[in-house]
Amino acid sequence: MKRLTTLLLPLLFFLNTYSQTTPPVPYGPLPSKAQLSWHETELYAMVCYGLNTYTDKEWGYGDVDPALFNPTAFDAGQIASTLKEAGFKGLLLVAKHHDGFCLWPTRSTSYSIAASSWMKGKGDMVRSFEIAARQNGLSFGIYNSPWDRNSAVYGKPSYLPIYKKQLEELHTNYGPLFISWYDGANGGDGYYGGAKESRTIDRKTYYNWDKNWKIVRKLQPRAVIFSDIGLDVRWVGNESGFAGETSWATFTPKGEKDVNKPAPGESRYQEAPVGNRDGQFWMPAECDVPLRPGWYYHASQDTLVKSPYELFDIYFKSVGRGAALDLGVAPDKRGILHENDVIALKGFGKLLKETFSGNLLEKAMISASNTRGGAQAQYGPENLLDNNKKTYWATDDQITTPQFTIQLNRNQRFNIIRLREEITLGQRVEAFAVDIWKNNAWQEISKATSIGAQRLIRLPYFITTDRIRVRILSSPVCPVLSEFAIFAEPESSLFHQAKTTKNKPDKHKKDWHILSAPGADNPAVLIDNNATIWQGPFNRTNTSANAIVVDLNEQREISGLIFTPPNEAFSKGITDRYQISLSTDGTNWKDEITGEFGNIKANPIQQRISLPHQTTARFIRFIPLHITDESNFIRIAELGIY
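If you're matching positions, the sequence shown starts at 1 in full-length UniProt numbering and goes up one per residue.
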């Protein structure tokens, strides 16, 4: 018996050691190869260019003559090279927006670039952008809107083969794509071949999404599919560019009305900023935001381009939270990026390069409270510092709250901390803290939750120390980290107050009066220079009851009306269709205009309604005709004129 025990002990020791030096068991949903490639992209730009550029609209109605499209200095190379210099890794082209105008010579419709004046109808702008992207080392992607406000058969079964044909053309003829992109705008008012009516579809069933996505999978197996509900990448739920401070890569899409039947445009996107810790799918977030207030070019926004510092801040709140940043860029009527846009993008790229050009932990020593199976070469903490994302530090299975300590070779001054998990084994860590050695004691400087593909912590001040400690506070399984790094951003960036453009208070408004508005709430807040938000009842059956009448107290020269919606996350009661008219006496009304605020639900920015010609008036009547949801109230931040 003693002899048998003596023989078994080495075997048991070997088996125990072997069990601890095998890789950790994956935890939860895991990313696909296409998703892993997407995570590496991190930063890409959506190019929004088309007939909307020439009509000063965000959402075209579908009734514009294609001959209007005729850029005088189109240069896809200028756009792509600017993005490359700014640090972008991908270019996502809006090949067709909701107006139905196709930027390639499709065989599915005559409403395309083939009917434009550009290159006498012989051009292919999708091809031009694809070539420019690849020449500049950028991945290329496609957005093809399913909603088509030009098509006479939209909303009918006969439209579906048209859309299928477009998908096949775009996913066959333009090389490998890194993303196939879809949004949730489906149905509503449109030209529809001259019918000029509103058409409603069943968002869950009309498009046969399963069949469409099978086409994408077959033709572009390396492309991720983006929409409100994935399949691979989810919309973050806002167009501000921010993910939640906690942002899980795992997510379970739910339907807005029926939780079991989610669809693009029919989802509980309010859950998307954070995701679901126990989500059913690996479905990380994409954060999208335009460089300008709107997605398409408007000359009135030439001075409203986000500064490099604003973009830098957005980067930390998107890419720095494990998501990707999709920045909307809008070529102007010439067909190139405006000079102000180029300056902002290149300045942003300069900030990124100056910040992340070198890890300040070079030559540092690292130790950990535990290493898996004692296998230092395979799973040791040194793997956190080797600039290789494929190596990682892991602990024994039962060790879920370990820590590691870094001894620098000298004091370093920094304000940015980066951690990465080895996501091929799942998203594991749920909370961690970072400490520095100061005054002969450990001092906590930051605490956070999710890590995933990347977590950037940007401190509001610089830290100087020669010793750092990271404590894993919570993890359901042993943690697996692939990188730890520290950086210092340019000091001018840290203390720079990000430029925000605010409207100067209108001194004339103190003399204005609200003559009528629905409801009993104080209507004067409609003209209080954005100090408060007004709310009143919304009447769907008798929209004239929604009228708001403003007395300017004197005859004024008016070029247009300014409408400001509440700029709040998931705000309800936002007007998206309206009627305005003017009067000199409050009785006889003229210059009646009916219109819409395209994309205002997702991007609730200030809207400017231009009149056909400058006119003189004292009274303004604004009537909300439709709101973005099923609420029984209207909410408005401000009304004004210019």
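For every residue, glycine included, the Cβ atom is placed at its ideal position computed from N, Cα and C.
In this text, all values refer to a predicted model and were calculated from it rather than measured experimentally.
> Between residue 125 and residue 113, what straight-line distance do the alpha-carbon atoms span, to the nearest angstrom?
Replying inline: Reading the sequence shown from its first residue, position 125 is the one you call residue 125. Reading the sequence shown from its first residue, position 113 is the one you call residue 113. In a straight line, the C-alpha of residue 125 is about 8 Å away from that of residue 113.
> Would residue 280 be called buried (16 or more neighbouring beta carbons within 10 Å of its own) or exposed?
Replying inline: Here residue 280 refers to the residue found at position 280 when the sequence shown is read from its first residue. It counts as exposed.
>> Considering Cα atoms alone, identify which of 634, 632, 571, 641 is closest to residue 529.
In response: In the sequence shown, counting from the first residue as 1, residue 529 sits at position 529. Here the closest residue by C-alpha is 641.
> How is the beta strand (DSSP E) around residue 224 delimited, first residue to last?
Replying inline: As a position in the sequence shown, residue 224 is number 224, starting the count at 1. Taken as a continuous stretch (DSSP letters only), the beta strand (DSSP E) holding residue 224 covers 224-227.
> Three-state secondary structure (DSSP) at residue 269?
Replying inline: Position 269 of the sequence shown, counted from the start, is the residue given in the question as residue 269. The answer is helix: DSSP assigns residue 269 an H, G or I state.
>> Here's the rule I'm using: 16 or more other beta-carbon atoms within 10 Å means buried, otherwise exposed. How should residue 659 be labelled?
In response: Examination of residue 659 is not possible in this model, given that the chain is present from 1 through 642 alone.
> Where do the N-terminal and C-terminal ends of the alpha helix (DSSP H) with residue 135 fall, by residue?
Replying inline: Mapped onto the sequence shown, residue 135 falls at position 135. Here the alpha helix (DSSP H) through residue 135 covers 125-135.
> Can you name, in chain order, every residue of its own chain whose Cβ lies under 8 Å from the Cβ of residue 350, other than the five neighbours on each side?
Replying inline: For this step, residue 350 is matched to residue 350 along the sequence shown. Correct list, in chain order: 308.
> residue 263 bridges to which residues according to DSSP?
Replying inline: In the sequence shown, residue 263 corresponds to position 263, counting from 1. DSSP, once it has assigned bridges, lists 266 as partnering residue 263.
> From which residue to which residue does the beta strand (DSSP E) around residue 599 run?
Replying inline: Residue 599 sits at position 599 when you count from the first residue of the sequence shown. Note, residue 599: premise wrong, no beta strand (DSSP E); not H, not E.
> Which residues mark the beginning and the end of the alpha helix (DSSP H) in which residue 349 is found?
Replying inline: Position 349 of the sequence shown, counted from the first residue, corresponds to residue 349. Start and end: 339-356.
> Exposed or buried, residue 432, counting other C-beta atoms within 10 Å across all chains shown (16 or more means buried)?
Replying inline: Residue 432 sits at position 432 when you count from the first residue of the sequence shown. Buried, because 16 or more other Cβ atoms sit within 10 Å of the Cβ of residue 432.
>> Can you tell me whether residue 28 is buried or exposed? The criterion is at least 16 other CB atoms within 10 Å of its CB, across all chains shown.
In response: For the purposes of this step, residue 28 is taken as the residue at position 28 of the sequence shown. Residue 28 should be labelled buried.
> Grouping DSSP H, G and I as helix and E and B as strand, with all else coil, what is residue 503?
Replying inline: As a working mapping, residue 503 is identified with position 503 in the sequence shown. The pLDDT assigned to residue 503 is 47, lower than 50, so where the model puts this residue is not dependable, and the model offers no usable value.
> So, are the CB atoms of residue 446 and residue 459 less than 8 Å apart?
Replying inline: Here residue 446 corresponds to residue number 446 of the sequence shown, with the count starting at 1. Here residue 459 corresponds to residue number 459 of the sequence shown, with the count starting at 1. Contact flag set, yes.
> For residue 202, is the classification buried or exposed, using 16 other Cβ atoms within 10 angstroms of its Cβ as the cut-off for buried?
Replying inline: Residue 202 sits at position 202 when you count from the first residue of the sequence shown. Looking at its Cβ environment, which holds fewer than 16 other Cβ atoms inside 10 Å, residue 202 is exposed.
>> Within 8 Å, do at least three Cβ pairs link the segment 364-382 to the segment 396-406?
In response: yes
>> Checking 8 Å against the spacing of the C-beta atoms, do residue 651 and residue 100 come in under that value?
In response: The displayed coordinates of the chain run from 1 to 642. Any statement about residue 651 would go beyond what the structure contains.
>> Check whether the segment 610-627 and the segment 563-576 touch, using three or more Cβ-Cβ pairs below 8 Å as the test.
In response: yes
> Which residue's Cα is closest to the Cα of residue 130: 639, 75, 633, 192?
Replying inline: Translated into positions along the sequence shown, residue 130 becomes position 130. Nearest option by C-alpha distance: 75.
> Does DSSP put residue 632 in a helix, in a strand, or in coil?
Replying inline: Within the sequence shown, residue 632 is the residue found at index 632, counting from 1. Three-state result, residue 632: coil.
> So what's residue 313 in DSSP terms, helix, strand or just coil?
Replying inline: Counting from one through the sequence shown, the residue named residue 313 turns up at place 313. Three-state DSSP puts residue 313 in a helix.
>> Can you tell me whether residue 113 is helix, strand or coil according to DSSP?
In response: As a working note, residue 113 is residue 113 in the sequence shown. Residue 113 falls in the helix class under three-state DSSP.
> Which full runs of the beta strand (DSSP E) of 3+ residues lie inside the segment 191-265, going along the chain?
Replying inline: 197-199, 224-227, 233-235
> CA-CA distance, residue 422 and residue 457?
Replying inline: Within the sequence shown, numbered from 1, the residue matching residue 422 stands at position 422. Within the sequence shown, numbered from 1, the residue matching residue 457 stands at position 457. The straight-line gap from Cα to Cα measures roughly 18 Å.
> Less than 8 Å separating the beta-carbons of residue 276 and residue 246?
Replying inline: In the sequence shown, residue 276 corresponds to position 276, counting from 1. In the sequence shown, residue 246 corresponds to position 246, counting from 1. No, they are not a contact pair.
> In angstroms, rounded to a whole number, what distance separates the CA positions of residue 644 and residue 588?
Replying inline: Any answer about residue 644 is impossible in this case: the structure gives the chain only from 1 up to 642.
> How would you label residue 545, buried or exposed, when you count the other beta carbons within 10 angstroms and need 16 or more for buried?
Replying inline: Within the sequence shown, residue 545 is the residue found at index 545, counting from 1. Exposed, since its Cβ has fewer than 16 Cβ neighbours within 10 Å.
> From this set, 394, 337, 491, which residue's C-alpha is nearest residue 329's C-alpha?
Replying inline: Numbered from 1 along the sequence shown, position 329 holds the residue referred to as residue 329. Looking at the Cα atoms, 337 is the closest of the given residues.
>> Rounded to the nearest angstrom, what separates residue 462 and residue 287 at their Cα positions?
In response: The count along the sequence shown starts at 1 and reaches residue 462 at position 462. The count along the sequence shown starts at 1 and reaches residue 287 at position 287. Residue 462 and residue 287: Cα-Cα distance of roughly 27 Å.
> Taking three-plus beta-carbon pairs below 8 Å as touching, is the segment 521-539 in contact with the segment 609-618?
Replying inline: no
> At what residue ranges does the segment 455-495 contain a whole run of the beta strand (DSSP E), taking only runs of 3 or more?
Replying inline: 455-474, 480-487
> Looking at the unbroken beta strand (DSSP E) that takes in residue 77, where does it start and where does it end?
Replying inline: Start at 1 with the first residue of the sequence shown, and residue 77 comes out as number 77. Careful: residue 77 lies outside any beta strand (DSSP E), inside the alpha helix (DSSP H) at 76-85.
> What are the boundary residues of the alpha helix (DSSP H) that residue 166 is part of?
Replying inline: Here residue 166 refers to the residue found at position 166 when the sequence shown is read from its first residue. Where residue 166 is concerned, the enclosing alpha helix (DSSP H) stretches over 160-172.
> Taking DSSP as the reference, what is the three-state secondary structure of residue 71?
Replying inline: Numbered from its first residue, the sequence shown carries residue 71 at position 71. Note: residue 71 maps to coil in three-state DSSP.
> Shortest alpha-carbon distance to residue 185 belongs to which of 69, 59, 595?
Replying inline: For the purposes of this step, residue 185 is identified with residue 185 of the sequence shown, where counting begins at 1. Of the candidates 69, 59, 595, the one whose C-alpha sits nearest the C-alpha of residue 185 is 59.
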